[in-house]
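K.L.:
First residue of the sequence shown? That's 0 in numbering that gives the first Met the number 0, and the numbers climb one at a time after it. Beta carbons are placed, not taken as given, at the ideal position from N, Cα and C, and that holds for glycine. It should be emphasised that the depicted structure is a prediction, and the values quoted were computed from it without experimental measurement.
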Amino acid sequence: MQKLIREEMNRRGFLGGLAALAGTMFGGEKLIGQAATGAKPAAHVAGLGASGNVYEELGVQTVINGQGTMTYLGGSIIRPEVEAVMKLASQHFVRIMDLEAAAGKRIAQLLGLPAGYTALVTSGAASAIQNGYSGILTGSNGKYIEQLPDLTGLKTEVLVQKAHRSGWEHQIRVTGLKMVEVETVEDVKRALSNRTAAMHFLNYGDPDGKIKRAEWLDLAHQAGVPAFLDAAADTPPQSNLSAYAKMGYDLISFSGGKAMRGPQCAGLLIGRENLVHSALLNMSPNEGTIGRATKVGKEEIVGMVKAVELFIAENQDEVSKVQWSKLNLVAGKLAKIPGITTTRDVPPIANNFPAIQFHLDTAKFNASAGQICNELAAGKPSIILSGGGNVIEMNAINLQAGEAEIVANALAKALKSHSV
Ligand SMILES: *Cc1c(COP(=O)(O)O)cnc(C)c1O
Numbered sequence: 000m001q002k003l004i005r006e007e008m009n010r011r012g013f014l015g016g017l018a019a020l021a022g023t024m025f026g027g028e029k030l031i032g033q034a035a036t037g038a039k040p041a042a043h044v045a046g047l048g049a050s051g052n053v054y055e056e057l058g059v060q061t062v063i064n065g066q067g068t069m070t071y072l073g074g075s076i077i078r079p080e081v082e083a084v085m086k087l088a089s090q091h092f093v094r095i096m097d098l099e100a101a102a103g104k105r106i107a108q109l110l111g112l113p114a115g116y117t118a119l120v121t122s123g124a125a126s127a128i129q130n131g132y133s134g135i136l137t138g139s140n141g142k143y144i145e146q147l148p149d150l151t152g153l154k155t156e157v158l159v160q161k162a163h164r165s166g167w168e169h170q171i172r173v174t175g176l177k178m179v180e181v182e183t184v185e186d187v188k189r190a191l192s193n194r195t196a197a198m199h200f201l202n203y204g205d206p207d208g209k210i211k212r213a214e215w216l217d218l219a220h221q222a223g224v225p226a227f228l229d230a231a232a233d234t235p236p237q238s239n240l241s242a243y244a245k246m247g248y249d250l251i252s253f254s255g256g257k258a259m260r261g262p263q264c265a266g267l268l269i270g271r272e273n274l275v276h277s278a279l280l281n282m283s284p285n286e287g288t289i290g291r292a293t294k295v296g297k298e299e300i301v302g303m304v305k306a307v308e309l310f311i312a313e314n315q316d317e318v319s320k321v322q323w324s325k326l327n328l329v330a331g332k333l334a335k336i337p338g339i340t341t342t343r344d345v346p347p348i349a350n351n352f353p354a355i356q357f358h359l360d361t362a363k364f365n366a367s368a369g370q371i372c373n374e375l376a377a378g379k380p381s382i383i384l385s386g387g388g389n390v391i392e393m394n395a396i397n398l399q400a401g402e403a404e405i406v407a408n409a410l411a412k413a414l415k416s417h418s419v
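Below, the structure is given as structure tokens:
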């Protein structure tokens, strides 16, 4: 079922975004009333924000997000305590390089990273990938740092399994590196050369790839090249934040603004100290670097430390229970509609939180799952679920108070209106 979400992501990621933008600019959709978010006007704010709903004031429609921690919808709702420390962080000036080092040290302690490992707060997992690869290429050599993406004198290739290819490779290619696709162990052995900079592993690609996580790492280390693992959406469980470092992966990327509910524009690069340090040298605040455009502010750095602190202390069973109760509420409402079979799962990897699927008997409905989802998205309030083939899928990680009821009623109504 992860596939549904990923397809939705791909479909919406670029073209969906453009279409939505065009819709806002040219479509002239009427403003809608605010969904049941319970926002109150901020008493001390005049002008933008005076009503308590900045989006409505800007003429942008808010959505009920039953799809998950999707960047194109705003990721997740930041934890209030994270917001509070970001405000504290915003009151002072500090040397960003010192702050990054201290934040990395604190995160390494919180996570119990193995000796020789540390963490770097980046502007997201995509930034962790880009800067991590820059660091692999340049080390601490200032000439090479200035020269990227010109790879003269440097390694030029990254091995990746066919099943692990993704849009995030762009963050690798931006450094000048080329992707070399492999499938089998024999392919890897043939492809490895003195041009090989690293071996890339997309964590959620594990079930689909021929070479599994541990073997991939062994092959990289036998060849003496670093192994990078992209685990951006692979929290929870909390243990993943240290597991791949303990396994021996050299660099690992995580999103801070997905299920960890840190700052939306933050992520983590976890890895070997020398590589993480080299990544930082290629990154903002350092000028004349390829990563200067991936700025992370003092507020996000401090906020990310707080998000890690809270995330690892959180009772994930409780968090899950709340999500299941919301999904069960929706399922209960649909139970009496003929032609719907319900399945539930927690994906074993990536977006590892409760999800529910409603399978439509195509003989009983005169619309596809995708059409029904489009209707909900176009409705008021706008509700975003994932639809593909004859399956409507949703999760509850981003459903706010009262929204499960709204989704249940709207979905039941849409399904009934298409019942034959
Ligand atoms: C979300 C995601 C990213 C990008 O993460 P950001 O924190 O949004 O930059 C990269 N890789 C994978 C696998 C992801 O799911």
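Do residue 265 and residue 303 have their beta-carbon atoms positioned less than 7 angstroms apart in this structure?
P.N.:
yes
K.L.:
Taking the CB atoms as reference points, tell me whether residue 279 and residue 119 lie closer together than 7 angstroms.
P.N.:
yes
K.L.:
Output the boundary residues of the alpha helix (DSSP H) element that contains residue 246.
P.N.:
239 to 246
K.L.:
I need the straight-line Cα distance from residue 359 to residue 276, nearest angstrom please.
P.N.:
If I take the Cα positions, the gap works out to 51 angstroms.
K.L.:
With a threshold of 6 angstroms (Cβ to nearest heavy atom), would residue 167 be considered close to ligand 1?
P.N.:
yes
K.L.:
Between 220, 46, 80, 396, which lies nearest to residue 309 when the distance is taken from Cα to Cα?
P.N.:
80
K.L.:
With a 10 Å radius around its C-beta and 16 neighbouring C-beta atoms as the bar for buried, classify residue 377 as buried or exposed.
P.N.:
exposed
K.L.:
For the beta strand (DSSP E) containing residue 381, name the first residue and the last one.
P.N.:
Segment 381 to 383, the beta strand (DSSP E) holding residue 381.
K.L.:
Please state whether DSSP places residue 90 in a helix, a strand or coil.
P.N.:
coil
K.L.:
Starting from residue 369, trace the alpha helix (DSSP H) in both directions and tell me its first and last residue.
P.N.:
368 to 377
K.L.:
Applying the criterion that 16 or more other CB atoms from any shown protein chain within 10 Å of the CB defines a buried residue, is residue 108 buried or exposed?
P.N.:
The residue in question, residue 108, is exposed, as its Cβ has fewer than 16 Cβ neighbours within 10 Å.
K.L.:
Is it true that the CB of residue 245 sits closer than 7 angstroms to the CB of residue 113?
P.N.:
yes
K.L.:
With DSSP run on the structure shown, which of helix, strand or coil describes residue 333?
P.N.:
helix
K.L.:
Which residue from 412, 419, 418, 398 puts its Cα closest to that of residue 68?
P.N.:
A check of alpha carbon separations from residue 68 across 412, 419, 418, 398 identifies 398 as the nearest.
K.L.:
Please indicate yes or no: does the CB of residue 123 lie closer than 6 angstroms to some heavy atom of ligand 1?
P.N.:
yes
K.L.:
Report, in whole angstroms, the separation of the C-beta atoms of residue 98 and residue 300, which I expect to be a contact under 8 angstroms.
P.N.:
With a Cβ gap of about 5 angstroms, residue 98 and residue 300 count as contacting.
K.L.:
Given a cut-off of 7 angstroms on the beta-carbon distance, is the pair residue 403 and residue 325 in contact?
P.N.:
yes
K.L.:
Measure how close the beta-carbons of residue 274 and residue 250 come, nearest whole angstrom, since I'm counting them as under 8 angstroms.
P.N.:
Contact flag correct, Cβ pair sits at about 6 angstroms.
K.L.:
Fully enclosed by the stretch 189 to 235, which alpha helix (DSSP H) runs are 4 residues long or longer?
P.N.:
212 to 222
K.L.:
What does the alpha-carbon distance come out to for the pair residue 82 and residue 214?
P.N.:
41 angstroms
K.L.:
Restricting to runs no shorter than 3 residues, where is the beta strand (DSSP E) found entirely within the stretch 60 to 112?
P.N.:
Qualifying beta strand (DSSP E) stretches, in chain order: 62 to 64.
K.L.:
Three-state secondary structure (DSSP) at residue 43?
P.N.:
Assigned with DSSP and collapsed to three states, residue 43 falls in coil, not helix or strand.
K.L.:
What is the rounded straight-line gap between the Cα of residue 179 and the Cα of residue 151?
P.N.:
18 angstroms
K.L.:
If you measure between the beta carbons of residue 348 and residue 237, is that distance less than 7 angstroms?
P.N.:
The answer is no: Cβ separation not under 7 angstroms.
K.L.:
Going by CA-CA distance only, name the one from 216, 131, 224 that's closest to residue 243.
P.N.:
Nearest option by C-alpha distance: 216.
K.L.:
I want to check one thing, is the minimum distance from the CB of residue 137 to the heavy atoms of ligand 1 below 6 angstroms?
P.N.:
When distances are taken from the beta-carbon of residue 137 to the heavy atoms of ligand 1, even the shortest one reaches 6 angstroms or more.
K.L.:
In terms of alpha-carbon separation, which member of 256, 223, 210, 220 lies closest to residue 232?
P.N.:
256
K.L.:
Can the beta-carbon of residue 226 be found closer than 7 angstroms to that of residue 219?
P.N.:
yes
K.L.:
Who are the Cβ neighbours of residue 155 in its own chain at under 8 angstroms, not counting the five residues just before and after it?
P.N.:
175, 176, 177, 194, 196
K.L.:
In chain order, which continuous runs of the alpha helix (DSSP H) of length 4 or greater are located wholly inside the stretch 263 to 330?
P.N.:
Whole alpha helix (DSSP H) segments, 4+ residues: 272 to 280, 297 to 312.
K.L.:
Examine ligand 1 and report whether any of its heavy atoms sits within less than 6 angstroms of the Cβ of residue 234.
P.N.:
no
K.L.:
What separation, rounded to the nearest whole angstrom, lies between the Cα atoms of residue 192 and residue 223?
P.N.:
Rounded to whole angstroms, residue 192 to residue 223 spans 11 angstroms at the Cα level.
K.L.:
Quick check on the DSSP output: the beta strand (DSSP E) that includes residue 356 runs from which residue to which?
P.N.:
354 to 359
K.L.:
Please report the straight-line C-alpha distance between residue 411 and residue 143, rounded to a whole angstrom.
P.N.:
59 angstroms
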